[in-house]
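Residue numbers (this note's numbering): 294 to 647.
We put the CB at the ideal spot given by N, CA and C, even for glycine.
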């Protein structure tokens, strides 16, 4: 079901005319953005949306993007709203990339081949970037959630990191930015991917939170539904927004999850100046079961039929897809039972306290 065009425009303008947002814009703070599903006009929307081109124009109006001179305004192209921006001070360069995870989205691919090619070209043209920020409406590193598959596929995360590795030095700080889930947290791979440490910062929501929708049960529900494999912080369920501060004097990046009254709820620091390569003994993603159980499982699900090979502790382990599928399903089944049990147990404990 689609909401009428006039109603959708009215809803967008209601946000634009919000007194706090209006004040924010009047202070001449540059505003850039890319949509997720609710801005896109369809809950959990994808490439099949019948209103996406119409909605694109209204969304750009809301962001006050000039009617001419911006490639996103070209109605002749059946393209999404992905774009990049350079923020530069002196010789210090920050590359900000905003992915469109809706316009070209299919069951097999979130970005679409055109956007993947564009991303490669952007990286190649900006090899000298000192910091890279990659924005996405949905989370990157959520693994296999029990409910709601609004996330990047694990094989896409691997493709993303491989693409970055092709053009960008592993010492260049990389931060993945995401939202959507109505809570905030930091995530990481828990291992080093080709000498690169990967951190994801999720901030959501500034107007709606999980706690508002599931009063008293939000944290319990998240513990049951959210895999802890990639969690690098506690989960924040109150109103929040993300803040990134780059300190050129001390050569560091400060990532903060902020709450009401400018309260810092979570904080993480990343060095800029000559960050150390991974010390001896570091855990590498390439040699962990993470690659086999996550990336391989997704490859099998996509009907790859070739044998898989992985090297670990100097032994070659050959996995035929059928075997991998069976083992992965058993492991995933056991894991899901454990998560359901945790969810039910949490609800029982809360009920008993009452």
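Residue i: which of the options sits nearest, CA to CA?
| i | options | result |
| --- | --- | --- |
| residue 417 | 432, 388, 406 | 388 |
| residue 533 | 473, 338, 302, 364 | 473 |
| residue 401 | 444, 364, 312, 425 | 444 |
| residue 491 | 577, 379, 513, 326 | 577 |
| residue 449 | 537, 399, 308, 466 | 399 |
| residue 496 | 531, 383, 425 | 531 |
| residue 412 | 380, 459, 368, 369 | 459 |
| residue 328 | 515, 536, 396 | 396 |
| residue 305 | 355, 498, 560, 384 | 355 |
| residue 542 | 510, 382, 529, 552 | 382 |
| residue 484 | 525, 338, 515, 511 | 525 |
| residue 392 | 346, 360, 405 | 405 |
| residue 498 | 553, 323, 343, 514 | 553 |
| residue 432 | 478, 486, 539 | 478 |
| residue 403 | 419, 375, 384 | 375 |
| residue 340 | 371, 312, 559 | 371 |
| residue 331 | 385, 361, 555, 348 | 348 |
| residue 302 | 326, 386, 344, 338 | 344 |
| residue 558 | 527, 468, 314 | 527 |
| residue 307 | 346, 335, 338, 352 | 352 |
| residue 561 | 493, 511, 555 | 493 |
| residue 366 | 357, 380, 350 | 350 |
| residue 486 | 451, 358, 515 | 451 |
| residue 298 | 548, 464, 333 | 333 |
How far does the beta strand (DSSP E) with residue i in it extend, from its first residue to its last?
| i | result |
| --- | --- |
| residue 479 | 478 to 481 |
| residue 317 | First-last for residue 317: 312 to 319, but that is the alpha helix (DSSP H), not the beta strand (DSSP E). |
| residue 425 | 424 to 428 |
Below 8 Å on the Cβ atoms is my guess for residue i versus residue j; work out the distance and round it to an integer in Å.
| i | j | result |
| --- | --- | --- |
| residue 373 | residue 408 | 7 Å |
| residue 434 | residue 482 | 7 Å |
| residue 502 | residue 476 | 7 Å |
| residue 480 | residue 523 | 4 Å |
| residue 466 | residue 550 | That belief does not hold up - the Cβ atoms of residue 466 and residue 550 are roughly 18 Å apart, past 8 Å. |
| residue 546 | residue 424 | 7 Å |
| residue 535 | residue 470 | 7 Å |
| residue 378 | residue 457 | With 8 Å as the limit, residue 378 and residue 457 do not qualify as a contact, their Cβ atoms being about 17 Å apart. |
| residue 346 | residue 368 | 7 Å |
Pick helix, strand or coil for residue i, following the three-state DSSP scheme.
| i | result |
| --- | --- |
| residue 327 | coil |
| residue 534 | strand |
| residue 545 | strand |
| residue 451 | helix |
| residue 306 | helix |
| residue 618 | Residue confidence is low: residue 618 scores 37 on pLDDT, short of 50, so the model does not pin down where it sits. No coordinate-derived value is stated. |
| residue 559 | strand |
| residue 298 | helix |
| residue 389 | strand |
| residue 458 | helix |
| residue 594 | Since pLDDT at residue 594 reaches only 35, below the 50 mark, its modelled position is unreliable, and no value is offered. |
| residue 566 | coil |
| residue 401 | coil |
| residue 585 | Note that residue 585 scores 45 on pLDDT, short of 50, meaning its location in the model is unreliable and no value can be drawn from it. |
How far does the alpha helix (DSSP H) with residue i in it reach, from first residue to last?
| i | result |
| --- | --- |
| residue 413 | 406 to 418 |
| residue 471 | No alpha helix (DSSP H) contains residue 471, which is instead part of the beta strand (DSSP E) from 467 to 471. |
| residue 377 | No alpha helix (DSSP H) contains residue 377, which is instead part of the beta strand (DSSP E) from 376 to 382. |
Strictly under 8 Å for the Cβ-Cβ distance: is residue i near chain D by that measure?
| i | result |
| --- | --- |
| residue 452 | Protein chains in the displayed structure number just one, and chain D is not present. |
May I ask whether a heavy atom of the ligand ZN can be found less than 7 Å away from the beta carbon of residue i?
| i | result |
| --- | --- |
| residue 532 | Among the components modelled here there is no ligand, and therefore nothing to report on the ligand ZN. |
Whole runs of the beta strand (DSSP E) within the segment 488 to 513, excluding any shorter than 3 residues: 492 to 495
Every unbroken alpha helix (DSSP H) within the segment 332 to 371, with a cutoff of 4 residues, ordered by chain: Scanning the segment 332 to 371 from its first residue to its last, the whole alpha helix (DSSP H) runs of 4-plus residues come out as 345 to 355.
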